[in-house]
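Below: one structure, written as structure tokens.
Residue numbers (my numbering): 1 to 295.
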């Protein structure tokens, strides 16, 4: 790949997805795009870039963005955010939403679905406490291909061994040959949708909880600011915003502030964080009977 072609690719990715591809990642681009060329019967990367320069094939642009997007994820990744969800955020939101008995969660940049399904497992195992509640989990990603995998809920043995407790495997998955599929009930708890974080999201409405973990690290500062500016209005005034361990809103967002008690948890800046009085809903290994979920 020539330097000129690589510069064009970097600009295209920045404009279409916000992905900031650094100059030292040319080898990565060549590796992933070579595979893409073979799959689509394109002679070489130069030919591919030539087609992209014409600007006539939106589908091809989407495929290139998909190929260059990092989809690294695993079940209960970094564990702490999920303990935080179970022990702090969920009791807090149940107390705040006692009248409406509804809960909305957005997993932004959900990749192949493990984060959303991890939250669904926690909610499922606390179903007796949430009987009669309407719980909605939305998972979005820019990659249509990875969303199909998420919807299928089918994972390899390697993916199952990365972060998933054995009791969760036995309770919520069925073996399909050499792979595993999450139960139909949990698949029905998550609505996977295509969405670019750089685009407007007004139609999504408000959420009690937004997980946007380990995606800002791939953006430059202006793009981080834009993404946070688009996400923050979707958060309920007293809602919870969760970032990855290596991410922060400091210097990037004026409408979000760190929760002083919990790393990685952010609140609307207009509201001073208050210690919650709700008791934890249960331990990570507790198993509870199923409840009926309203559609």
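Cβ coordinates follow ideal geometry from the N, Cα and C atoms, glycine included.
In chain order, which alpha helix (DSSP H) runs of at least 4 residues are fully inside the region 187-247?
-> 221-231
Inter-residue spacing [alpha-carbon to alpha-carbon] between residue 59 and residue 195 = In the chain shown, counting from the first residue as 1, residue 59 sits at position 59. In the chain shown, counting from the first residue as 1, residue 195 sits at position 195. Approximately 15 Å, taken between the alpha carbons.
Assign residue 264 to one of two classes, buried (16 or more other C-beta atoms within 10 Å of its C-beta) or exposed (fewer than that).
-> Reading the chain shown from its first residue, position 264 is the one you call residue 264. By the Cβ neighbour-count rule, residue 264 is buried, with 16 or more other Cβ atoms within 10 Å of its own.
Residues near residue 104 in its chain [Cβ-Cβ closer than 6 Å; skip 5 each side] = Your numbering for residue 104 matches position 104 in the chain shown. Contacts found: 136, 207, 208.
For residue 171 and residue 154, believed in contact at Cβ under 8 Å, the rounded distance | Stepping through the chain shown from its first residue, residue 154 is reached at position 154. Stepping through the chain shown from its first residue, residue 171 is reached at position 171. With 8 Å as the limit, residue 154 and residue 171 do not qualify as a contact, their Cβ atoms being about 17 Å apart.
Below 8 Å, can you find three or more Cβ-Cβ pairs linking the region 162-177 to the region 140-152?
-> no
Answer yes if the region 214-230 comes into contact with the region 14-33, meaning at least three C-beta pairs across the two stretches below 8 Å, and no otherwise.
-> yes
Taking 7 Å as the CB-CB limit, is residue 164 close to chain D?
-> Checking the listed chains, one finds no chain D in this structure; it contains a single protein chain.
Please confirm whether residue 247 and residue 198 have their CB atoms less than 7 Å apart.
-> Within the chain shown, residue 247 is the residue found at index 247, counting from 1. Within the chain shown, residue 198 is the residue found at index 198, counting from 1. The answer is no: Cβ separation not under 7 Å.
Sequence-distant residues of its chain with Cβ nearer than 7 Å to residue 182 (five each side left out) | As a first step, residue 182 is located in the chain shown; it is residue number 182 there, counting from the start. Cβ neighbours of residue 182 beyond the five flanking positions: 117, 153, 172, 173.
CA-CA distance, residue 162 and residue 1?
-> Here residue 162 is taken as the residue at index 162 of the chain shown, counted from 1. Here residue 1 is taken as the residue at index 1 of the chain shown, counted from 1. Their Cα atoms are separated by approximately 35 Å.
Nearest to residue 108 by alpha carbon, out of 8, 261, 212, 124?
-> Here residue 108 refers to the residue found at position 108 when the chain shown is read from its first residue. Ranking the options by Cα distance to residue 108, first place goes to 212.
Is DSSP giving residue 175 helix, strand or coil here?
-> Numbered from 1 along the chain shown, position 175 holds the residue referred to as residue 175. Reduced to three states, the DSSP call for residue 175 is strand.
So what's residue 47 in DSSP terms, helix, strand or just coil?
-> The residue you call residue 47 lines up with position 47 of the chain shown. Three-state DSSP puts residue 47 in a helix.
How big is the Cα-Cα spacing for residue 134 and residue 102?
-> Numbered from 1 along the chain shown, position 134 holds the residue referred to as residue 134. Numbered from 1 along the chain shown, position 102 holds the residue referred to as residue 102. Going from the Cα of residue 134 to the Cα of residue 102 covers about 5 Å.
The alpha helix (DSSP H) spanning residue 141 covers which residue range?
-> Sequence index remark: in the chain shown, residue 141 carries index 141 (1-based). First-last for residue 141: 134-141, but that is the beta strand (DSSP E), not the alpha helix (DSSP H).
7 Å Cβ cutoff met for residue 68 and residue 38 | The residue given as residue 68 occupies position 68 in the chain shown. The residue given as residue 38 occupies position 38 in the chain shown. Result no, Cβ atoms of residue 68 and residue 38 do not sit closer than 7 Å.
Compare the beta carbon distance of residue 244 and residue 201 with 7 Å and say whether it is the shorter of the two.
-> Here residue 244 refers to the residue found at position 244 of the chain shown. Here residue 201 refers to the residue found at position 201 of the chain shown. In this structure, residue 201 does not lie closer than 7 Å to residue 244 by Cβ.
When the Cα atoms are used, what is the spatial distance from residue 254 to residue 268?
-> Working through the chain shown from its first residue, we reach residue 254 at position 254. Working through the chain shown from its first residue, we reach residue 268 at position 268. Each residue's Cα considered, the two are about 9 Å apart.
Cβ shell of residue 85 (< 6 Å), same chain only, five flanking positions each side left out = Reading the chain shown from its first residue, position 85 is the one you call residue 85. Cβ within range, chain order: n/a, list empty.
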